[in-house]
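Have a look at the structure below, then the notes.
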């Protein structure tokens, strides 16, 4: 957990020192895509709903 | 539908009836039951046997024919002559007396009013996004719903449709001449390509359609609110927790209307979750008295 914190901290410092704010939207998008991939799996409880026949 | 979009869409469905099938496939009522996909059975199970049903945009009619097997009053309406002709042939072949077919343009309120019957259940699945004016179509069809009647609206989602739009672009560019890739994409949605007419119908509907619009959950919730329709649920689910099993619980289960944050999160999920279905989702509701 401490390692994770330092990783995030380092990234934040990097953005701040280098003033690389343009990287922020890319990082946010990657996080969102990651969340979707992890949590967005098709549920086995959802049947196919468009094709009815 | 006197609009330019309407004419184009009507012409399209006259040339490519949808969902289409080889008529020889259905020789008895039993064949119709066997061919029904699980969700058609779920709808059948969720609607009481004594309820009247209107299937809007019934096309070649498999769903409404199937629902009429155990009911006294099921109507299927569409504005494509060739789709309805095929449905009529099926009706005649299987002798489905409780299944009524009629040519109606849902954007024309006069044609809607002429029907003269109101229904307990209205199914409008995958239709409004092809009309050119989805909200007007929605408002018009509510004229045919009884007070306390139930409605299901199937639409393409703005977020969920992104993967199919990407596939569409690929088939027009890099894989323009690659039939294997095209077959794979259509297999994603319908499972197999054994029924050639059906596969062709699906290809046309998903990849060659002249007009489609995409919508959000929030948009449909606003439509519901403006027209006194009580929100029930969406499929795929819009609740933040694990959804119930529709095969057991059926559909039209009352749930809390999702707030904007949950809607945004869910629709982001749908980019992946509904990818195989072309971003399609259904919202269920009930007309208030």
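Chains as they are written, first to last, in this note's numbering: chain A, 292 to 344; chain B, 5 to 293. We put the CB at the ideal spot given by N, CA and C, even for glycine. Since the model is a prediction, treat every value here as computed from it, not as a measurement.
Buried versus exposed, by CB contacts within 10 Å (16 or more), residue i
| i | result |
| --- | --- |
| residue 209(B) | buried |
| residue 178(B) | exposed |
| residue 136(B) | buried |
| residue 300(A) | exposed |
| residue 309(A) | exposed |
| residue 74(B) | exposed |
Simplified DSSP state of residue i, which is helix, strand or coil
| i | result |
| --- | --- |
| residue 165(B) | coil |
| residue 74(B) | coil |
| residue 335(A) | Because residue 335(A) carries a pLDDT of 49, less than 50, the predicted location of this residue cannot be relied on, and no value is offered for it. |
| residue 134(B) | helix |
| residue 217(B) | coil |
| residue 154(B) | strand |
| residue 300(A) | helix |
| residue 25(B) | coil |
| residue 79(B) | strand |
| residue 178(B) | coil |
| residue 60(B) | strand |
| residue 245(B) | coil |
| residue 159(B) | strand |
| residue 148(B) | helix |
| residue 196(B) | coil |
| residue 292(A) | With a pLDDT of only 49 at residue 292(A), under 50, the local geometry of the prediction cannot be trusted, and no value is derived from it. |
CB contact below 9 Å: residue i versus chain A
| i | result |
| --- | --- |
| residue 189(B) | no |
| residue 4(B) | The question about residue 4(B) has no answer here: the residues shown for chain B are numbered 5 through 293. |
| residue 8(B) | no |
| residue 151(B) | no |
| residue 21(B) | no |
| residue 136(B) | no |
| residue 41(B) | yes |
| residue 70(B) | yes |
| residue 225(B) | no |
| residue 203(B) | no |
| residue 55(B) | no |
| residue 169(B) | no |
| residue 73(B) | no |
Start and end residues, beta strand (DSSP E) containing residue i
| i | result |
| --- | --- |
| residue 105(B) | 103 to 107 |
| residue 209(B) | Where residue 209(B) is concerned, there is no enclosing beta strand (DSSP E), although the alpha helix (DSSP H) it sits in stretches over 200 to 211. |
| residue 289(B) | 284 to 291 |
| residue 124(B) | 123 to 129 |
| residue 251(B) | No beta strand (DSSP E) contains residue 251(B), which is instead part of the alpha helix (DSSP H) from 250 to 253. |
| residue 239(B) | 233 to 239 |
Below-9 Å beta-carbon distance, residue i vs any chain B residue
| i | result |
| --- | --- |
| residue 321(A) | no |
| residue 318(A) | no |
| residue 315(A) | no |
| residue 300(A) | no |
| residue 342(A) | yes |
Nearest-angstrom beta carbon gap, residue j and residue i [assumed within contact, 8 Å]
| i | j | result |
| --- | --- | --- |
| residue 88(B) | residue 107(B) | 6 Å |
| residue 207(B) | residue 139(B) | Not confirmed; about 29 Å, so no contact. |
| residue 90(B) | residue 21(B) | 5 Å |
| residue 286(B) | residue 239(B) | 5 Å |
| residue 254(B) | residue 53(B) | Their Cβ separation, rounded to whole angstroms, is 14 Å, which puts residue 254(B) and residue 53(B) out of contact at 8 Å. |
| residue 202(B) | residue 25(B) | 5 Å |
Range covered by the alpha helix (DSSP H) that runs through residue i
| i | result |
| --- | --- |
| residue 111(B) | No alpha helix (DSSP H) contains residue 111(B), which DSSP labels as neither H nor E. |
| residue 342(A) | That residue, residue 342(A), is in no alpha helix (DSSP H); it is neither H nor E in DSSP. |
| residue 41(B) | No alpha helix (DSSP H) holds residue 41(B); DSSP gives it neither H nor E. |
Near the ligand NAD: residue i beta-carbon under 8 Å from a heavy atom
| i | result |
| --- | --- |
| residue 46(B) | The ligand NAD is not part of the structure shown, which contains no ligands of any sort. |
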